[in-house]
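Each residue of the sequence shown is one higher than the last, beginning at 65 in the numbering used here.
Below is one structure, written out as structure tokens; comments come after it.
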Amino acid sequence: MTDHAGHGAKRPDDKPTSAKNPGSAKKSGSAKKSVSAKNRDAAQGEKTDGQMAGMSGMAGGDDLALAHRPTRPQLGSIGLVSVVILALALVFSASFANLSLSAHDVAGAVMPPGMAMPRDMPAEAMRDMAAVNPRTVSYRAPAEARGDQPLEPRMEGGVKIFDLTASVIEWNILSYERVMAYAFNQQVPGPRIRITEGDRIRINVTNDLPESTSVHWHGLIVPNQFDGPAEVTQDPIEPGQTFTYEFTLTQAGTYFYHSHDHADRQEALGMYGALIVDPKDPSAEPASDQDVVIQLQEWLEKEGYTFPAMPMDGGQPNFFTINGKAYPSTETVRARVGDRIRFRFIGTNSGFIHPMHIHGGPFEIVATDGVPVPQSARIQKDTVNVAPGERYDVIWTAREPGKWLLHCHINHHTTNDNVEEQGGGGLTMIIEVAP
Numbered sequence: 065m066t067d068h069a070g071h072g073a074k075r076p077d078d079k080p081t082s083a084k085n086p087g088s089a090k091k092s093g094s095a096k097k098s099v100s101a102k103n104r105d106a107a108q109g110e111k112t113d114g115q116m117a118g119m120s121g122m123a124g125g126d127d128l129a130l131a132h133r134p135t136r137p138q139l140g141s142i143g144l145v146s147v148v149i150l151a152l153a154l155v156f157s158a159s160f161a162n163l164s165l166s167a168h169d170v171a172g173a174v175m176p177p178g179m180a181m182p183r184d185m186p187a188e189a190m191r192d193m194a195a196v197n198p199r200t201v202s203y204r205a206p207a208e209a210r211g212d213q214p215l216e217p218r219m220e221g222g223v224k225i226f227d228l229t230a231s232v233i234e235w236n237i238l239s240y241e242r243v244m245a246y247a248f249n250q251q252v253p254g255p256r257i258r259i260t261e262g263d264r265i266r267i268n269v270t271n272d273l274p275e276s277t278s279v280h281w282h283g284l285i286v287p288n289q290f291d292g293p294a295e296v297t298q299d300p301i302e303p304g305q306t307f308t309y310e311f312t313l314t315q316a317g318t319y320f321y322h323s324h325d326h327a328d329r330q331e332a333l334g335m336y337g338a339l340i341v342d343p344k345d346p347s348a349e350p351a352s353d354q355d356v357v358i359q360l361q362e363w364l365e366k367e368g369y370t371f372p373a374m375p376m377d378g379g380q381p382n383f384f385t386i387n388g389k390a391y392p393s394t395e396t397v398r399a400r401v402g403d404r405i406r407f408r409f410i411g412t413n414s415g416f417i418h419p420m421h422i423h424g425g426p427f428e429i430v431a432t433d434g435v436p437v438p439q440s441a442r443i444q445k446d447t448v449n450v451a452p453g454e455r456y457d458v459i460w461t462a463r464e465p466g467k468w469l470l471h472c473h474i475n476h477h478t479t480n481d482n483v484e485e486q487g488g489g490g491l492t493m494i495i496e497v498a499p
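This is how it looks when you write it as structure tokens:
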């Protein structure tokens, strides 16, 4: 085992102190040690690199300190290797995901904060996830404006004609919160189209968006060329163009229309609307005193930008709306004890499921996806899961006076940017029942 200098251990080649002059040795011991240390340091400083290497095998050689500093070429080599390693690490991580995007300009588009994207994601996909460009806004709706307004047709040769125009607008989802939306007829949701089974309708769709679009009539049986999927059954409606859809309605029930080109972007930004088809025979409908349409939607608004909400890292929504408004800006449903209210839940939401619950007693499901449920098959529930594209018609009876909540039962969906206000937020409505 190697002994360590300064610990008083005797080396094999050390000579014992002379016993003849112990006093003299004692008096000069400290000075000798100091001189010896200085001489050793000086000697070490004079040794060449080869001598130092040769000493490594000597007894006690492991305790010798490095006597020379790194040369400039050595430092340069170390620095170069470090730079190469760092560059390789960055390239390797970028090959799998870019986790540093936070509202930066990528492929000409502002991406959501924290968005995780693979390196090879095409620019078109980035644009579909990007923020709405404020320069494309053509209309700023009043803060009190509401969507889902009835759209009156004009008649021409027995055909009911409707006009829809798609454009980019600013829209208040709360009195203090505005989003940039893609909208039909300058409202979110788009206007409600209500017709009767057997009607022939013609719908002119004009595109004032900065990109192409098309419209799908969700759940309806129509001629294939008017079904709506862009590049499948029709050419996309390019900016500035108008396309006409025409068909005869053979089904009654609750339906909706929505974009079917860049749909993950356009529908998520507000391009949808209710389409209600009343039956020829009104007696076929379950009795009700009110008819309330509920269209569900999610929004992502960050750093002054509006992004299409998506179920992915960086794309999760922070606002939720019923008919284009978040609570407490949602409308209040007013009724009296004994009233039967028909709620038409429409899954215009593009990527999330919402378990919709009503306080004050169960409701009866009378139709699903536009198809009536026979009386013998109807069930009572107090919560129904509304998935994207689904529709549920339910009848709720006002049993007791007071204020009753209608809301999503995912608690985060009843907040506004993660904050509750006035007892809720987001997907919340009040049903106020008078005696």
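Beta carbons: idealized from backbone N, C-alpha and C, even for Gly.
Within the region 389-419, no complete alpha helix (DSSP H) segment of 4 residues or longer occurs. By the neighbour-count criterion, in which 16 or more other beta carbons inside 10 Å mark a residue as buried, Pro381 falls on the buried side.
In the displayed model, Val148 falls within a helix according to three-state DSSP. Shown here, Pro214 sits in a strand according to DSSP, grouped into three states.
Looking at the backbone, the Cα of Thr478 and that of Ser141 are separated by about 59 Å. With fewer than 16 other beta carbons inside 10 angstroms of its own, Gly262 counts as exposed. Sequence-distant partners of Asp457 (beyond 5 residues in either direction) whose C-beta falls short of 7 Å from its own C-beta, in its chain, are Thr318, Arg406, Arg408, Val430, Ala431.
Residue pairing by DSSP places Asp342 opposite Thr260 in a beta bridge. With a threshold of 16 other beta carbon atoms within 10 Å, Ala351 falls short and is exposed. Around the beta carbon of Ile340, a 10 Å sphere encloses 16 or more other beta carbons of the protein chains shown; the residue is thus reported as buried. Around the beta carbon of Leu152, fewer than 16 other beta carbons lie within 10 angstroms, which makes this residue exposed.
The region 385-401 makes no contact with the region 279-288; the number of CB pairs closer than 8 Å stays below 3. In this structure, Phe311 sits near Arg264, with a CB-CB distance shorter than 9 Å. Annotated three-state conformation of His471 is strand, per DSSP. Taken atom to atom, the span from the alpha-carbon of Gly337 to that of His326 is near 17 Å. The straight-line gap separating the alpha-carbon atoms of Gly487 and Gly143 is approximately 60 Å. Three or more Cβ pairs closer than 8 Å define a contact, and the region 353-367 falls short of that threshold against the region 431-443. Only residues of its own chain outside the window of five on either side were considered, and among them His423 have a CB closer than 6 Å to the CB of Leu469, listed in chain order.
In this structure Pro253 is in contact with Gln359, their Cβ atoms being roughly 5 Å apart against a cut-off of 8 Å. Beta-bridge partners of Ser323 (DSSP): Val279. In the displayed model, Asp457 falls within a strand according to three-state DSSP. For Val223, the CB contacts under 8 Å within the same chain, skipping 5 residues up- and downstream, are Arg264, Ile265, Arg266, Glu310 in chain order. Remark: fewer than three beta-carbon pairs, one from each stretch, lie closer than 8 Å, so the region 287-295 and the region 225-244 are not flagged as touching. An exposed status is given to Ser239, since fewer than 16 other beta-carbon atoms sit within 10 Å of its beta-carbon.
The three-state secondary structure of Asp328, taken from DSSP, is helix.
With a 10 Å radius around the Cβ and a threshold of 16 neighbouring Cβ atoms, His476 comes out exposed.
In this structure, Gly388 sits near Trp235, with a CB-CB distance shorter than 9 Å. The three-state reading of DSSP puts Thr478 in helix, counting H, G and I together.
For the pair Glu365 and Phe384, the Cα-to-Cα distance works out to about 11 Å. The C-alpha of Met493 is placed about 14 Å away from the C-alpha of Glu484. Contact between Leu491 and Ile386 holds: CB atoms are separated by about 6 Å, below the 8 Å threshold.
Residue state for Leu360 is assigned as strand, using DSSP reduced to three classes. Within 10 angstroms of the beta-carbon of Gln250 lie 16 or more other beta-carbons, which makes it buried.
In this structure, DSSP gives Ser352 a state outside helix and strand, which the three-state scheme calls coil.
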